[in-house]
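In terms of the UniProt record's numbering, the sequence shown is residues 1 to 517.
Quick reminder that beta carbons are idealized off the backbone N, C-alpha and C, glycines included.
As the structure is a prediction and not an experimental result, all values here were calculated from the model.
Here the structure is laid out as structure tokens; the discussion comes afterwards.
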Amino acid sequence: MAQYRRVVAARNETDFNECKPMNSLIPRFNFFILGADMTVGHGIYTARLTGPTGKGNGMSGNAHLSQENRIGMGDKFKDLRKVENISIEGGGPQGKRRTIDKFSECNIDRRIIANLNEVGIREPTAVQRAVLPIMLNDTEHDLLAQAETGSGKTAAYLIPIVCHIQRMKNNGHLPKPNSPYSVIVAPTRELAGQIAHEARVISEGIGISVALSYGQMHMGECRKAIAAGCDILVATPGRLIGHYEERSVHFKSIRWIVLDEADQMFDYSLGQFVVPFLKESLKNSHGVRLFAFSATFTAGVICTMEKNYLKPDYYVVTGRAAPKDNIKQRFVECQRNQKKTFLLLLMNKILRKANRESRGPRVKIPKTIIFVDTKFETNYLAIYLTNLGISCISFNGDRTQLMREKAIDDFSRGHFSVMVCTNVCARGLNMKNVEYVINYDIPFKCQEMFLHRIGRTGRAGNVGTAYTFFERGRDEKNIEEITAMIEDCGIEVPDFIAKIKEERENRIVGCFHGNED
1 MAQYRRVVAA
11 RNETDFNECK
21 PMNSLIPRFN
31 FFILGADMTV
41 GHGIYTARLT
51 GPTGKGNGMS
61 GNAHLSQENR
71 IGMGDKFKDL
81 RKVENISIEG
91 GGPQGKRRTI
101 DKFSECNIDR
111 RIIANLNEVG
121 IREPTAVQRA
131 VLPIMLNDTE
141 HDLLAQAETG
151 SGKTAAYLIP
161 IVCHIQRMKN
171 NGHLPKPNSP
181 YSVIVAPTRE
191 LAGQIAHEAR
201 VISEGIGISV
211 ALSYGQMHMG
221 ECRKAIAAGC
231 DILVATPGRL
241 IGHYEERSVH
251 FKSIRWIVLD
261 EADQMFDYSL
271 GQFVVPFLKE
281 SLKNSHGVRL
291 FAFSATFTAG
301 VICTMEKNYL
311 KPDYYVVTGR
321 AAPKDNIKQR
331 FVECQRNQKK
341 TFLLLLMNKI
351 LRKANRESRG
361 PRVKIPKTII
371 FVDTKFETNY
381 LAIYLTNLGI
391 SCISFNGDRT
401 QLMREKAIDD
411 FSRGHFSVMV
421 CTNVCARGLN
431 MKNVEYVINY
441 DIPFKCQEMF
451 LHRIGRTGRA
461 GNVGTAYTFF
471 ERGRDEKNIE
481 EITAMIEDCG
491 IEVPDFIAKI
501 KEERENRIVG
511 CFHGNED
């Protein structure tokens with residue numbers, strides 16, 4: 001504890017001029033002396049990474065999917081509805097490019113609208129205002145949609161698909177075993193579970209079945225759900241190719257394919273799983289429509305999709321690249337050996353701000369997600385913070401699925417206020433009341449992953465704060481990309497980053513001049 005007092009008393013006037021020693025708060029913490037086998041947090045994470053093994057259950061009963069964890073419309077929700085932020089291109093000469101103002105303008109069944117209202121979705125966001133008329137009224141063209149994180153892209157494609165399937169079933173179409181009408185592919189297990197849950201919520205009471213399958217779920221249970229005649233299948237790429245190879249899923253009835261976080265499908269090794277499925281399903285029927293959604297698309301990914309999968313004259317719906325006004329961003333310059341100290345200073349600042357008006361006996365720690373680049377670092381930082389009494393949990397891809405689902409459940413319930421994680425948590429997940437995101441490491445794929453990381457806060461028009469540590473000796477080599485990343489967010493480049501960029505450019509120019517001489 002003496003060491004902690006000494007650390008939090010340290011000062012960096014440039015970035016943490018509001019930080020002061022929190023001696024008055026320290027006694028309220030529970031401090032732990034952590035041994036090699038002592039558990040971190042709630043009894044399932046240990047320093048040696050031992051713990052219960054087990055398969056996932058489709059996130060059944062997980063607090064992450066509860067109504068209490070649903071993110072409500074924030075003060076800046078009106079900004080998410082502005083169609084001035086949206087452009088619509090393509091769709092051929094008869095492209096349907098109108099936007100709507102209300103869900104009722106799209107001839108959506110009143111029961112579906114009631115389901116939306118039940119969970120607080122009463123007005124369409126800008127991406128929904130643009131996408132719904134296209135997906136509901138145009139039966140030929142594919143679509144690629146890019147909009148900022150937390151802008152309602154999942155509902156934008158689920159609502160039309162549910163409407164189409166409902167109309168088909170009302171017209172006498174009978175489901176075929178093992179042959180869904182729509183397949184939705186998501187890159188991570190937790191996101192797949194979240195999408196399947198949203199699909200069930202939207203289709204409640206209208207006779208549409210949804211099956212979910214991802215890695216470390218019981219394969220037998222997944223097969224049973226699919227064989228029962230699922231209308232919508234939500235799956236991760238690896239599990240989808242498993243069903244494809246063993247022929248437990250057929251694509252004869254498929255009409256709509258959705259790639260959620262589509263850029264990750266082709267920008268990473270996930271493409272080896274997605275490509276065979278796409279080729280098989282698109283080959284079987286000329287009536288299949290492909291919809292690709294993400295907050296970020298690179299030119300290379302778009303070129304790959306356009307060349308191999310998207311039909312000509314596909315629609316392109318483009319919204320704001322990054323949340324500008326609802327996420328306050330701060331950048332901190334530091335050396336590698338200063339990061340832990342600066343993290344404690346930052347946590348001190350967050351605690352002081354959160355407890356300024358508190359008169360209760362306990363210290364309130366706002367929900368915070370800390371992103372790091374390596375799995376080892378998640379464990380190390382979680383143990384380090386837990387030793388100091390900060391309610392903390394770690395999350396990475398090396399966890400068993402039971403541990404992953406337990407972690408996200410505990411964080412959603414508020415059992416832990418701080419989650420240290422890798423990029424596996426960066427995309428798509430809706431976590432309520434996340435006030436802070438800390439980029440302990442700047443991601444190497446800066447522009448794309450950075451936007452997804454900070455997008456865990458400030459969702460659905462709510463406000464949040466993102467801190468990013470710029471590590472000297474590591475991040476200078478990506479200074480051009482980091483500068484572009486900041487500019488894409490619509491904010492001013494910090495002086496120290498602008499200076500580093502200028503110095504680096506001058507050194508490069510000087511080298512060329514020297515060679516010419």
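Hey, is the segment 64 to 74 in contact with the segment 226 to 242, meaning 3+ C-beta pairs nearer than 8 Å? no
Integer-rounded CB distance, given that F266 should sit under 8 Å from F304: Within the sequence shown, the letter at position 304 stands for residue 304. Within the sequence shown, the letter at position 266 stands for residue 266. A small fix is needed here, since residue 304 is Thr in this sequence, not Phe. 5 Å between Cβ atoms; contact.
9 Å Cβ cutoff met for A126 and S151: For this step, residue 126 is matched to residue 126 along the sequence shown. For this step, residue 151 is matched to residue 151 along the sequence shown. In contact: A126 and S151 (Cβ atoms closer than 9 Å).
First and last residue of the uninterrupted alpha helix (DSSP H) at S294: Walking along the sequence shown from the start, residue 294 turns up at place 294. Not the alpha helix (DSSP H): S294 falls in the beta strand (DSSP E), residues 289 to 294.
Would you mind reading off the limits of the alpha helix (DSSP H) that contains G238? Taking the first residue of the sequence shown as position 1, residue 238 is located at position 238. That run of the alpha helix (DSSP H) goes 237 to 246.
Note down, in chain order, each residue of its chain lying with its Cβ closer than 6 Å to the Cβ of K499, except the 5 sequence neighbours on either side. As a position in the sequence shown, residue 499 is number 499, starting the count at 1. Answer for K499: no residue qualifies.
Please classify K279 as buried or exposed, where buried requires at least 16 other C-beta atoms within 10 Å of its C-beta. The sequence position of residue 279 within the sequence shown is 279, counting from 1. It is exposed - the Cβ of K279 has fewer than 16 other Cβ atoms within 10 Å.
Contact check, D488 vs A321 under 8 Å by CB: the rounded distance? Stepping through the sequence shown from its first residue, residue 488 is reached at position 488. Stepping through the sequence shown from its first residue, residue 321 is reached at position 321. Indeed, because the Cβ distance is near 5 Å, the residues count as touching under 8 Å.
For M403, the three-state DSSP class (helix, strand or coil): By 1-based counting over the sequence shown, the position of residue 403 is 403. If DSSP states are grouped into helix, strand and coil, M403 belongs with the helices.
According to DSSP, residues forming a beta bridge with L143: Numbered from its first residue, the sequence shown carries residue 143 at position 143. L143 is bridged to F291, Y315.
Would you call K153 buried or exposed, if buried means 16 or more other Cβ atoms sit within 10 Å of its Cβ? Working through the sequence shown from its first residue, we reach residue 153 at position 153. The residue is buried, with at least 16 neighbouring Cβ atoms inside 10 Å.
If you reduce the DSSP assignment to three classes, tell me which class M59 lands in. Along the sequence shown, read from residue 1 onward, the residue named residue 59 stands at position 59. Coil, per DSSP.
Cα separation between A227 and Y214? Here residue 227 refers to the residue found at position 227 when the sequence shown is read from its first residue. Here residue 214 refers to the residue found at position 214 when the sequence shown is read from its first residue. Going by the C-alpha atoms only, they are around 16 Å apart.
Endpoints, beta strand (DSSP E) assigned at R330: Sequence index remark: in the sequence shown, residue 330 carries index 330 (1-based). 327 to 334 is the span of the beta strand (DSSP E), which, as asked, contains R330.
Beta-carbon proximity check, T318 vs E89, cutoff 9 Å: On the sequence shown, position 318 is the one that residue 318 refers to. On the sequence shown, position 89 is the one that residue 89 refers to. A contact, by the Cβ cut-off of 9 Å.
Given 8 Å, three or more beta-carbon pairs between the segment 174 to 191 and the segment 426 to 440: yes
CB-CB under 8 Å to I254, same chain, minus the five flanking residues each way: which ones, in chain order? Sequence index remark: in the sequence shown, residue 254 carries index 254 (1-based). Closer than 8 Å at the Cβ level, and outside the excluded window around I254, lie S179, P180, Y181, S182, V183, S281, N284, S285, V288.
Limits of the beta strand (DSSP E) - the one that F342 falls within: Along the sequence shown, read from residue 1 onward, the residue named residue 342 stands at position 342. Where F342 is concerned, there is no enclosing beta strand (DSSP E), although the alpha helix (DSSP H) it sits in stretches over 339 to 354.
Excluding the 5 residues preceding and the 5 following Y309 in the sequence, name in chain order all residues of the same chain whose CB lies nearer than 7 Å to its CB. Taking the sequence shown and counting its residues from 1, the one referred to as residue 309 is at position 309. Cβ neighbours of Y309 beyond the five flanking positions: L278, L282, L290.
Who are T188's beta bridge partners in DSSP? In the sequence shown, the residue the question calls residue 188 occupies position 188. According to DSSP, which records beta bridges pairwise, T188 is partnered with nothing at all.
Is it buried or exposed, R81, if we count other Cβ atoms within 10 angstroms and call 16 or more buried? For this step, residue 81 is matched to residue 81 along the sequence shown. With 16 or more Cβ atoms within 10 Å of its Cβ, R81 is classed as buried.
How far does the alpha helix (DSSP H) with residue 519 in it extend, from its first residue to its last? In the structure displayed, the chain extends from 1 to 517; residue 519 sits before or after that span and is not available.
How far does the alpha helix (DSSP H) with M431 in it extend, from its first residue to its last? For the purposes of this step, residue 431 is identified with residue 431 of the sequence shown, where counting begins at 1. Run containing M431: none; DSSP gives neither H nor E here.
Rounded straight-line distance, which links the Cα of A199 to that of I121: Taking the first residue of the sequence shown as position 1, residue 121 is located at position 121. Taking the first residue of the sequence shown as position 1, residue 199 is located at position 199. Using only the alpha carbons, I get a separation of about 14 Å.
With distances taken between CB atoms, is the gap from F496 to I482 smaller than 9 Å? Sequence index remark: in the sequence shown, residue 496 carries index 496 (1-based). Sequence index remark: in the sequence shown, residue 482 carries index 482 (1-based). No, Cβ-Cβ distance for F496 and I482 is not below 9 Å.
Please classify Q264: is it buried, with 16 or more other beta-carbons within 10 angstroms of its beta-carbon, or exposed? Locating residue 264 in the sequence shown gives position 264, counting from the first residue. Flag for Q264 reads buried.
Count the other CB atoms, across all protein chains shown, that sit within 10 Å of the CB of G41; report buried if there are 16 or more and exposed otherwise. Translated into positions along the sequence shown, residue 41 becomes position 41. In this prediction, G41 scores a pLDDT of 41, lower than 50, which makes its location untrustworthy; no coordinate-derived value is stated.
Just curious, the alpha helix (DSSP H) that G300 is in, first and last residue? For the purposes of this step, residue 300 is taken as residue 300 along the sequence shown, with counting starting at 1. It spans 299 to 308 - the alpha helix (DSSP H) in which G300 sits, taken as one unbroken run.
Every unbroken alpha helix (DSSP H) within the segment 85 to 157, with a cutoff of 4 residues, ordered by chain: 110 to 118, 126 to 137
Between R129 and T149, which are expected to be in contact by the criterion C-beta below 8 Å, what is the C-beta distance as a whole number of angstroms? Reading the sequence shown from its first residue, position 129 is the one you call residue 129. Reading the sequence shown from its first residue, position 149 is the one you call residue 149. Not really, about 18 Å apart at Cβ, beyond 8 Å.
Alpha helix (DSSP H) containing K78: first to last residue? Counting from 1 along the sequence shown, the entry for residue 78 is found at position 78. Taken as a continuous stretch (DSSP letters only), the alpha helix (DSSP H) holding K78 covers 77 to 81.
Classify Q329: buried if its beta carbon has 16 or more other beta carbons within 10 angstroms, exposed otherwise. Reading the sequence shown from its first residue, position 329 is the one you call residue 329. Flag for Q329 reads buried.
Taking the alpha-carbon positions, what's the N462 to K176 distance? As a first step, residue 462 must be located in the sequence shown, where it is residue number 462. As a first step, residue 176 must be located in the sequence shown, where it is residue number 176. Each residue's Cα considered, the two are about 42 Å apart.
Whole angstroms are fine: how far does the CA of E245 sit from the CA of I393? Position 393 of the sequence shown, counted from the start, is the residue given in the question as residue 393. Position 245 of the sequence shown, counted from the start, is the residue given in the question as residue 245. Distance between the alpha carbons of I393 and E245 is about 37 Å.
Give me the Cα-Cα distance between M135 and P494, rounded to the nearest whole angstrom. As a working note, residue 135 is residue 135 in the sequence shown. As a working note, residue 494 is residue 494 in the sequence shown. Their Cα atoms are separated by approximately 41 Å.
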